[in-house]
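Before any comments, here is the structure.
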Amino acid sequence: MSAFDRDAERQRMLSRRTLVLGGLQGAAVATLMGRLYYLQIVESDRYTVLAEDNRISLRLVAPPRGLITDRFGVPLAVNEQNFSTIIVSERAGDVQQILDEVGKLIPLTEADERRIQRDIQRSRSFAPITIKENLTWDQVAAIEVNLPDLPGVSIDVGQVRSYPFGEALSHVLGYVGAAAEKDVEGSSDPLLTLPGFKVGKGGIEKQYDQALRGAAGNRQLEVNAVGRVIRELSRDPGQSGREVALTIDAKLQHYMHQRLSAEESAAAIVMDVNTGGIHALCSSPSFDPNQFAMGIGYEAYQALLKDERTPLINKVIAGQYPPGSTFKMLTALAALESGIVNADHRVFCSGHIELGSHRFHCWSRNGHGTLDMVGALMNSCDVYFYDIAGRIGMDRIAEMARRFGLGGKVGLELPGERPGLIPDPKWKRQALKQPWHQGETLIASMGQGYVLTTPLQLAVMTARLASGRAVQPHLLKSIEGQFAETTQWPAIDVKPENLATVLKGMNAVTNVPGGTGYRARINVPGMEMAGKSGSAQVRRISMAERNSGVIKNENRPWRERDHALFVAFAPVQAPKYACAVIVEHGGGGGAVAAPIARDILLECQMLEAARATVAQQPPPSTDTTPPAPNPAGETP
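Residue numbers (the numbering used here): 60 to 695.
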């Protein structure tokens with residue numbers, strides 16, 4: 060092959076290689092351009108969002124918790140400003156030195172300093188750490204004045220739940236606290252993920268937590284690569300919690316709390332016999348819910364737990380007591396409804412009754428003589444009720460008790476309600492595997508033995524007796540102005556004349572001389588109350604003690620004294636309010652509990668009368684127009 064041919068062949072080979080290489084380069088460029096088109100045009104929106112997500116941090120904002128008010132709009136649970144001092148460690152330099160300086164201005168415990176150091180170690184250096192919450196105005200002022208000497212320290216303003224009536228309403232309202240794991244589990248509410256977010260932990264705060272909680276807001280923050288906040292771009296405060304109005308009368312509640320605080324341990328409740336609305340509900344001693352809202356200390360909490368008077372328990376709904384003689388109205392009504400006895404049925408009381416080899420005593424050692432049903436209620440004669448209970452049997456008594464709200468939860472909107480117990484032969488066979496004895500019917504007929512009730516149930520019983528209707532108690536009046544009360548309650552299936560006999564007996568208790576509650580009567584015309592006293596034994600009295608003389612309540616240890624009970628309604632002629640009172644280990648119901656019920660029902664009616672008077676007064680005139688001139692020139 061000639062040199063010319065070799066050069067031509069070489070030229071052709073180079074051309075082919077150039078074309079292949081150019082084709083490969085062209086394909087690579089085309090692929091790159093296609094990828095750029097895909098990323099910049101097709102996927103533009105997606106990557107824009109990703110870039111914004113890296114630059115913008117969306118953070119939740121807790122909304123203000125809804126208010127709780129009484130029936131007249133008086134605030135019972137509100138939100139107040141919560142001043143706290145915070146520190147940013149990267150700005151503080153020597154954190155311990157700064158904390159020492161802060162400690163000279165506001166009290167810091169060793170536990171506070173350990174918590175602060177722990178939080179600093181767990182957080183980034185630019186993240187704010189809380190030093191102390193719930194600062195007083197003087198403490199805020201002290202920090203603010205010294206801020207130039209406290210690098211990295213500042214004052215933060217938030218909200219804290221506050222209860223203006225304190226202990227008086229703690230068992231009704233409950234309190235709020237940090238969300239626990241059980242609160243978060245199974246919930247999709249993003250608010251629960253916020254550090255320190257508070258939820259209802261008891262009472263109305265817990266029952267209506269969802270309505271009070273509101274809906275989360277958010278803040279859009281511009282952040283850098285490590286998450287440091289540069290600026291706030293926008294803020295949505297969210298939706299505030301809804302306002303919950305209760306049937307409670309704050310003035311009556313305050314009075315009731317003061318009245319019960321004079322006793323070692325007591326509980327009382329007032330409800331409307333027509334609507335079922337609770338006007339006041341108090342258990343004493345109580346606790347301060349503000350301590351829990353701000354974070355109660357270990358020692359203070361342990362003191363509450365160890366107190367034998369159980370201040371953390373709402374005795375109105377969770378205290379279960381023998382009702383004593385307050386139960387006798389139901390025994391009487393069961394006997395009348397059975398047709399076996401009537402209102403004129405008479406029994407001679409010698410102070411005791413014999414059943415087989417057992418003797419059942421009346422509270423009056425010398426007896427009451429011969430009594431009819433109204434007289435038996437008026438004098439609370441045990442022997443009379445032993446007699447009629449033996450005639451009608453326990454099943455009839457138990458059925459009547461359940462019809463009037465005893466022996467089961469009544470469904471008040473408060474957590475922790477207990478059901479009490481109304482025994483009968485079937486219950487004893489199932490629960491204790493034992494037969495029922497006739498003597499147990501006699502004991503149960505006067506509210507002792509296995510019978511257990513709550514003050515709430517006794518109030519419901521009294522309201523149903525006074526109205527003749529199956530009234531249900533409730534605390535909710537409205538949520539955000541939407542009313543929830545009703546007056547449409549079905550009539551209880553009892554004969555009106557039989558109910559009238561029982562009510563006549565209750566009236567005699569307080570308004571006829573010799574009645575067990577006569578000394579505690581209301582003397583204000585038109586406000587008189589009718590009621591029934593009860594004294595529930597908490598220990599067995601032996602025959603030897605009866606022969607030598609029963610030890611008086613005041614001479615026994617507090618825990619061995621009888622419970623004092625009283626139930627009542629007022630006014631007698633047109634019942635509107637029902638009340639139940641128990642004084643734990645207080646002694647006699649007529650002597651101890653009846654005056655409390657009288658004072659509460661009188662205050663309730665006086666408040667109503669005062670408000671009616673104010674409502675009838677014309678509003679003050681705002682007319683500033685001068686009077687027209689007198690043509691005759693006379694002075695008007």
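Think of the CB as a built atom: it goes at the ideal place given N, C-alpha and C, for glycine as much as any other residue.
Please go through the same chain and pick out, in chain order, the residues whose beta-carbon is closer than 8 Å to the beta-carbon of Gly-585, but skip the five residues on each side of it.
The answer, listed in chain order, is Pro-630 and Gln-632.
Please list the terminal residues of the continuous beta strand (DSSP E) segment that includes Gln-312.
From DSSP, Gln-312 is part of no beta strand (DSSP E) but of the alpha helix (DSSP H) over 309 to 319.
For the putative contact between Val-235 and Asn-141, defined by C-beta atoms under 8 Å, what is the C-beta separation to the nearest angstrom?
That pair is no contact at about 12 Å.
Exposed or buried, Met-388, counting other C-beta atoms within 10 Å across all chains shown (16 or more means buried)?
Classification for Met-388: buried.
Go through its chain and collect everything with a Cβ distance to Ser-439's Cβ below 6 Å, but skip five positions before and after it.
Result list for Ser-439: Ser-384 and Thr-575, in chain order.
Compare the Cα-Cα distances from Val-329 to each of Met-520, Leu-430 and Ser-221 and report the closest residue.
Selected option, being the one with the closest Cα: Met-520.
Which residue spans inside the segment 512 to 572 form an unbroken beta strand (DSSP E) run of at least 3?
DSSP runs (the beta strand (DSSP E)) wholly in the segment 512 to 572: 535 to 538.
How many whole angstroms separate the CB atoms of Leu-250 and Ala-275, which I take to be in contact at a CB cut-off of 8 Å?
Going by Cβ atoms, the distance from Leu-250 to Ala-275 rounds to 5 Å, so yes, they are a contact pair.
The beta strand (DSSP E) with Tyr-636 in it runs from where to where?
That run of the beta strand (DSSP E) goes 636 to 642.
Along the chain, where does the beta strand (DSSP E) containing Gln-596 start, and where does it finish?
From DSSP, Gln-596 is part of no beta strand (DSSP E); its letter is neither H nor E.
Reducing DSSP to helix, strand and coil, say where Ala-653 ends up.
DSSP places Ala-653 in helix when its eight states are reduced to three.
Mind listing, in chain order, the continuous alpha helix (DSSP H) runs of no fewer than 4 residues lying wholly within the segment 426 to 490?
Listed in chain order, they are 432 to 438, 441 to 451 and 453 to 462.
For Lys-241, which of Leu-228, Ser-229, Gly-259 and Leu-232 has the nearest alpha-carbon?
Of Leu-228, Ser-229, Gly-259 and Leu-232, the residue nearest in Cα terms is Gly-259.
Evaluate Trp-422 with the Cβ neighbour count: other Cβ atoms within 10 Å of its Cβ, from every protein chain shown; 16 or more gives buried, anything less gives exposed.
Its Cβ being crowded by 16 or more others within 10 Å, Trp-422 is buried.
Beta-carbon separation of Glu-619 and Lys-374 under 9 Å?
No. Outside cutoff.
Do three or more CB pairs link the segment 638 to 658 to the segment 321 to 339 at distances below 8 Å?
Contact holds: three or more Cβ-Cβ distances are below 8 Å.
For Glu-544 versus Thr-569, is the C-beta spacing smaller than 9 Å?
No, these two residues do not count as a Cβ contact at 9 Å.
Let me know the secondary structure DSSP gives Cys-341 once reduced to three states.
Three-state result, Cys-341: strand.
Does the segment 389 to 405 come close enough to the segment 550 to 560 to have 3 or more Cβ pairs within less than 8 Å?
Contact holds: three or more Cβ-Cβ distances are below 8 Å.
Could you check the C-alpha separation between Gln-489 and Pro-482 for me, to the nearest Å?
Using only the alpha carbons, I get a separation of about 11 Å.
Touching or not, the segment 449 to 466 and the segment 497 to 504, by the rule of three or more beta carbon pairs under 8 Å?
Segments in contact, yes.
Looking at the secondary structure, which residues open and close the alpha helix (DSSP H) in which Glu-139 lies?
Premise fails: Glu-139 lies in the beta strand (DSSP E), 134 to 147, not in any alpha helix (DSSP H).
With a 10 Å radius around its C-beta and 16 neighbouring C-beta atoms as the bar for buried, classify Arg-124 as buried or exposed.
Buried: at least 16 other Cβ atoms inside 10 Å.
May I ask which residues mark the beginning and end of the beta strand (DSSP E) holding Arg-272?
Note, Arg-272: premise wrong, no beta strand (DSSP E); alpha helix (DSSP H) at 268 to 272.
Within the same chain, show all residues whose beta-carbon is closer than 7 Å to that of Asp-112, passing over the 5 residues directly before and after it, in chain order.
Caution is warranted here: a pLDDT of 49 is assigned to Asp-112, below 50, making its placement in the model unreliable, and the coordinate value is therefore given only provisionally. Counting only Cβ-Cβ distances below 7 Å, and skipping sequence neighbours, we find nothing.
Assign Lys-365 to one of two classes, buried (16 or more other C-beta atoms within 10 Å of its C-beta) or exposed (fewer than that).
Counting Cβ neighbours within 10 Å, Lys-365 comes out exposed, since fewer than 16 surround it.
When you compare the CB positions of Gly-335 and His-533, do they come within less than 9 Å of one another, or not?
Yes, the pair counts as a contact, with Cβ atoms nearer than the cut-off.
With 16 as the cutoff for other CB atoms within 10 Å, does Val-204 come out buried or exposed?
By the 10 Å Cβ count, Val-204 comes out exposed.
Tell me the DSSP secondary structure of Gln-218 in three-state form.
Gln-218 falls in the strand class under three-state DSSP.
Please list the terminal residues of the continuous alpha helix (DSSP H) segment that includes Thr-500.
Note, Thr-500: alpha helix (DSSP H), 497 to 504.
Taking the alpha carbon of His-417 as the reference point, which residue from Leu-80, Val-571, Val-147 and Tyr-445 has its own alpha carbon closest?
For His-417, the nearest C-alpha among the options comes from Tyr-445.
Out of curiosity, what's the CA-to-CA distance linking Ser-184 and Gly-152?
Going from the Cα of Ser-184 to the Cα of Gly-152 covers about 11 Å.
Residues bridged to Glu-244 by DSSP?
Beta-bridge pairing links Glu-244 to no other residue.
At the level of alpha carbons, what is the spacing between Thr-77 and Gln-70?
Roughly 10 Å separates the two Cα atoms.
Determine the extent of the alpha helix (DSSP H) in which Ile-202 is found, giving its start and end residues.
Where Ile-202 is concerned, the enclosing alpha helix (DSSP H) stretches over 196 to 204.
Taking the DSSP output, what are the residues bridged to Gln-298?
DSSP output for Gln-298 lists Ala-274 as bridge partner(s).
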